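Enquirer:
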Amino acid sequence: MAEPNTLKHFEAALLPHLAAAYNLARWLTRNDHDAEDLVQEAYLRAFNSFDGFHGGDGRGWILAIVRNTCYSWLQKRRNQELAEVFDEEVHTAEDHSGSPEAVLLQSADAQLLRDALERLPVEFREILVLRELEGMSYREIADLAGIPVGTVMSRLARGRERLQRQLTQVVKREP
Amino acid sequence: MSCKEYDTLIHGYLDGELDLLNTLRVEAHLPECVSCARTHESHRALRSAMSSGKLHFKPPNDLAKRIHLTLHQANKAEGRASPSVWEAPKPMPRRIWWPWMSIAATAVLVAMVAWRLGSVGSRPSPDDLLAQEVLASHVRSLMANHLADVPSSDQHTVKPWFDGKLDFSPPVKDLSGDGFPLVGGRLDYLEHRPVAALVYQRRKHFINLFIWPSAEDSKQKTEMRQGYNLFHWTQSGMTYWAMSDLNWTELQEFVRLVQGHDGRTP
Chain Y
-15 MAEPNTLKHF EAALLPHLAA AYNLARWLTR NDHDAEDLVQ EAYLRAFNSF
35 DGFHGGDGRG WILAIVRNTC YSWLQKRRNQ ELAEVFDEEV HTAEDHSGSP
85 EAVLLQSADA QLLRDALERL PVEFREILVL RELEGMSYRE IADLAGIPVG
135 TVMSRLARGR ERLQRQLTQV VKREP
Chain C
3 MSCKEYDTLI HGYLDGELDL LNTLRVEAHL PECVSCARTH ESHRALRSAM
53 SSGKLHFKPP NDLAKRIHLT LHQANKAEGR ASPSVWEAPK PMPRRIWWPW
103 MSIAATAVLV AMVAWRLGSV GSRPSPDDLL AQEVLASHVR SLMANHLADV
153 PSSDQHTVKP WFDGKLDFSP PVKDLSGDGF PLVGGRLDYL EHRPVAALVY
203 QRRKHFINLF IWPSAEDSKQ KTEMRQGYNL FHWTQSGMTY WAMSDLNWTE
253 LQEFVRLVQG HDGRTP
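Protein chains in written order, with this note's numbering: chain Y, -15 to 159; chain C, 3 to 268.
#1: Around the Cβ of Y191 of chain C, are there at least 16 other Cβ atoms within 10 angstroms (buried) or fewer (exposed)?
#2: Helix, strand or coil: how does DSSP classify E65 of chain Y here?
#3: Tell me the rounded alpha-carbon separation between R46 of chain C and Y27 of chain Y.
#4: Just checking, does the stretch 24 to 34 of chain C make contact with the stretch 126 to 137 of chain Y on the three C-beta pairs under 8 Å criterion?
#5: Measure from the alpha carbon of G42 of chain Y to the alpha carbon of each residue in Y:D127, Y:D16, Y:E20 and Y:M137, then state which is nearest.
#6: By how many angstroms is the C-alpha of L147 of chain Y removed from the C-alpha of E72 of chain Y?
#7: Are any of the Cβ atoms in chain C nearer than 9 Å to that of A77 of chain Y?
#8: With V260 of chain C as the anchor, note down where its alpha helix (DSSP H) starts and where it stops.
#9: For S203 of chain C, list the residues DSSP reports as bridge partners.
#10: Consider the Cβ of G36 of chain Y: report whether some Cβ of chain D lies at a distance smaller than 9 Å.
#11: Looking at C-beta atoms only, is the number of pairs between the stretch -14 to 1 of chain Y and the stretch 24 to 38 of chain Y that lie closer than 8 Å three or more?
#12: Exposed or buried, which one is G143 of chain Y when buried takes at least 16 other CB atoms within 10 Å?
#13: Between the stretch 56 to 83 of chain C and chain Y, which residues of the former have CB atoms less than 8 Å from a CB of the latter, in chain order?
#14: I'd like to know if the stretch 173 to 191 of chain C and the stretch 216 to 230 of chain C are in contact, where contact means that at least 3 CB-CB pairs between them fall below 8 Å.
#15: Grab me the residues of R10 of chain Y's own chain with a C-beta within less than 8 Å of its C-beta, minus the 5 sequence neighbours each way, in chain order.
#16: Going along the chain, which residues of its own chain have a beta-carbon closer than 7 Å to the beta-carbon of F34 of chain Y, five neighbours each way excluded?
#17: When you compare the CB of W100 of chain C with every CB in chain Y, is at least one pair closer than 9 Å?
#18: Which value, in whole angstroms, describes the spacing of the CA atoms of E145 of chain Y and W250 of chain C?
#19: Helix, strand or coil, according to DSSP, for R227 of chain C in the structure here?
#20: If you draw a straight line from the C-alpha of F108 of chain Y to the C-alpha of V136 of chain Y, how long is it?
#21: Can you give me, in chain order, the residues of the stretch 31 to 45 of chain C that have a beta carbon less than 7 Å from any beta carbon in chain Y?
#22: Can you pull the chain Y neighbours of S53 of chain C, defined as C-beta to C-beta under 7 Å?
#23: Provide the residue span of the beta strand (DSSP E) that contains R14 of chain Y, from first to last.
#24: Based on Cα-Cα distance, which residue from C:E193, C:E135, C:A198 and C:D129 lies nearest to V152 of chain C?
#25: When the Cα atoms are used, what is the spatial distance from Y6 of chain Y to Y230 of chain C?
#26: If you draw a straight line from the C-alpha of P196 of chain C to the C-alpha of Q228 of chain C, how long is it?
#27: Spell out whether any CB of chain C is found under 9 Å from the CB atom of G42 of chain Y.
#28: Which partner residues does P215 of chain C have in the DSSP bridge list?
#29: Could you pull the DSSP bridge partners for G119 of chain Y from this structure?
#30: Where does E116 of chain Y land, buried or exposed, given buried means 16+ other C-beta within 10 angstroms?
#31: List the residues of chain C that R146 of chain Y touches, going by C-beta distances under 9 Å, in chain order.
#32: Secondary structure at H42 of chain C, three-state DSSP: helix, strand or coil?
#33: Between L11 of chain C and V28 of chain C, how many whole angstroms is the CB-CB distance? I'm expecting something under 8 Å.
#34: In terms of DSSP beta bridges, what is Y191 of chain C paired with?
#35: Report all residues from its chain with a CB closer than 8 Å to the CB of V201 of chain C; omit the five preceding and five following residues, and keep chain order.
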C-alpha cells in the first residue's frame, strides 16, 4: 500500500502537467475519447511506479509514460501510422519554393495547420508537437522518445518540410 | 558543405540548438544562398504560426477530477486497481470547449485537491495550511493563464489599480533595474480575505508576491514546498508571501529587494 502522503505528492508533482499530457495524447491518438482514456491510464501507470520517480523533470517523466501508453495503443490497433514512417523517402523531393507562401503561412488558419499536422506520420507529428507546442529542447525530446539528439533534428527537419508541402498545396487549392 | 546538409542544420539554427561552429556556418551561408535563405524564412514563418498556441488541445473540465478518483481508488485497493475497474463518464462532445474556463476549472480542481489532501493526516499548523493555500494560488495563477488582472510593468499603473478593490494599499516596487521586471497585479483571495498579488518575472520564472495587512509579530521563514520556493515575512504591518519556481538564491535576492535591504530607500 502506498504511503498516505504519496498520492498527495504525486498529484502535486504531476497534475500540473495534465494539459501537456492530454495535448500529447490527443495529437498521438487524434481523437478525444481515446486521448482521455489513455491519459487516465498513463496517470495510473505513473502512480504505480511513482517510487521510481526521484523528483526532477516531472513533465518529461509523465509525458514519456503518456507516449508509451499511446504507442502501445497505436500498435494494438494495428494502426497504419507506424508503417507510414518508412515511406518518407518517397516524398522527400527537393522543393525550395516555400518563400512566397511564408507570408500566407503566418496568417494560415489554425484549422488548416491542425489538419495538416494531424496528417503527418506519428513519428514526425510527436516531435513537432513536443518542440513547437510544448517548447521542449532537443535533449528533452531525445530523452523522452529514446532517440539520439541528431535524430530529433532530422525528424524535425523532415516533419516541417512535409508540413510546408501540405500547407502550400492547400493554400494553392484555396485561393 | 552542400545545401543538402543545410536543410537539416537550418532547423537546429531556428531552434537555437546548434553549437557555435555550426551557428556561424549557417549564418555565413544564408546571405550567400537564396534558396536556403528562402527555406529558412518559410520555416521561420511556420514555427511562429505553430507556436501561436492555437494548436493546443485542452483537456476536458472533468479529466483532473476523474484522474483523481481513479488514483484514489487505486490507492485504496493497494495499487491493484486497473483502469478497467473504473467506468469512464461520457467524454465531452468534440469541438465544444471553453478554453479559459476549462483550464481555470482544472486549476481550481487541482488547487482544491491539493487543499483537501493538505488537510488530511496529521493536523497541519495554520501556517502550513496557509502555505498550502498560497501554493495553490500560485499554481492556479500559472495554470489558468491568469497571472495579472492589470498587466503592466509600471508601478504607477499597478498600485492605483488596487484602490477601491482592497482596504489597504500594497507597496508596489519597480525592480526592473535589478532584473525582476513587474508583470502586473492581480486580486487574489487568501485567508478569507482579498489580497494583493504582484507578479514579477525573472527570465521565464514568475514570482507571485502576496501582500495583505497583518497584526502578526514580525517573523520570517522560508521553505521548499512541492518544488516551489517560498518566503514568508511580515514588515510594517503587512504580511508577505513570495512564491516561485525560481531557485532559492535568486528568490532570496528578490525578497531582500522587496524588503528594501538593497541599500536604497524603499
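Cβ coordinates follow ideal geometry from the N, Cα and C atoms, glycine included. Nothing here was measured: the structure is a model prediction, and the numbers come from that model.
Expert: Here's the rundown:
#1: Result: exposed.
#2: A caution first: E65 of chain Y carries a pLDDT of 48, below 50, which makes its placement in the model unreliable, though a value can still be read off. Residue state, collapsed to three classes: helix.
#3: 35 Å
#4: no
#5: Y:D127
#6: With a pLDDT of 46 at E72 of chain Y, under the threshold of 50, the modelled position of that residue is not reliable, and the figure given next carries that caveat. Rounded to whole angstroms, E72 of chain Y to L147 of chain Y spans 13 Å at the Cα level.
#7: Its pLDDT being 41, under 50, A77 of chain Y is placed unreliably by the model, and nothing is read from it.
#8: W250 to Q261
#9: Correcting the residue type first, residue 203 of chain C is Gln in the shown sequence and not Ser. Paired residues: C:F208.
#10: Absent from the structure is chain D; the protein chains it does hold are Y and C.
#11: yes
#12: Using a 10 angstroms sphere on the CB of G143 of chain Y, the tally of other CB atoms reaches 16 or more, which defines it as buried.
#13: Across the stretch 56 to 83 of chain C, CB contacts with chain Y closer than 8 Å involve K56, L57, H58, F59, K60, P61, P62, L65, A66, R68, I69, H70, T72, L73, H74, A76, N77, E80, G81 and A83, in sequence order along the chain.
#14: Three or more Cβ pairs closer than 8 Å define a contact, and the stretch 173 to 191 of chain C falls short of that threshold against the stretch 216 to 230 of chain C.
#15: Excluding residues up to 5 positions away in sequence, D16 and A19 lie with their Cβ nearer than 8 Å to the Cβ of R10 of chain Y in the same chain.
#16: T(-10) and F(-6)
#17: Because W100 of chain C carries a pLDDT of 44, less than 50, the predicted location of this residue cannot be relied on, and the following value inherits that uncertainty. For W100 of chain C, the answer is no, since every Cβ of chain Y falls outside 9 Å of its Cβ.
#18: 43 Å
#19: strand
#20: 9 Å
#21: If the cut-off is 7 Å between Cβ atoms, the stretch 31 to 45 of chain C has S37, R40, T41, E43, S44 and H45 near chain Y.
#22: E116
#23: Counting along the chain, R14 of chain Y falls outside any beta strand (DSSP E), and DSSP gives it neither H nor E.
#24: Distances from the alpha-carbon of V152 of chain C to those of C:E193, C:E135, C:A198 and C:D129 put C:A198 closest.
#25: Computed Cα separation, rounded: 24 Å.
#26: So the two alpha carbons sit approximately 25 Å from each other.
#27: yes
#28: C:M240
#29: Bridge partners of G119 of chain Y: none, in fact.
#30: Buried: at least 16 other Cβ atoms inside 10 Å.
#31: Within chain C, no residue comes near R146 of chain Y; the closest Cβ sits about 11 Å away, beyond 9 Å.
#32: If DSSP states are grouped into helix, strand and coil, H42 of chain C belongs with the helices.
#33: Their Cβ separation, rounded to whole angstroms, is 5 Å, which keeps L11 of chain C and V28 of chain C in contact under 8 Å.
#34: C:P196
#35: Excluding five sequence positions before and after V201 of chain C, the CB atoms of its chain that fall closer than 8 Å to its own CB belong to S143, L149, A150, L184, V185, G186, G187, R188, F208, I209, N210 and L211, given in chain order.
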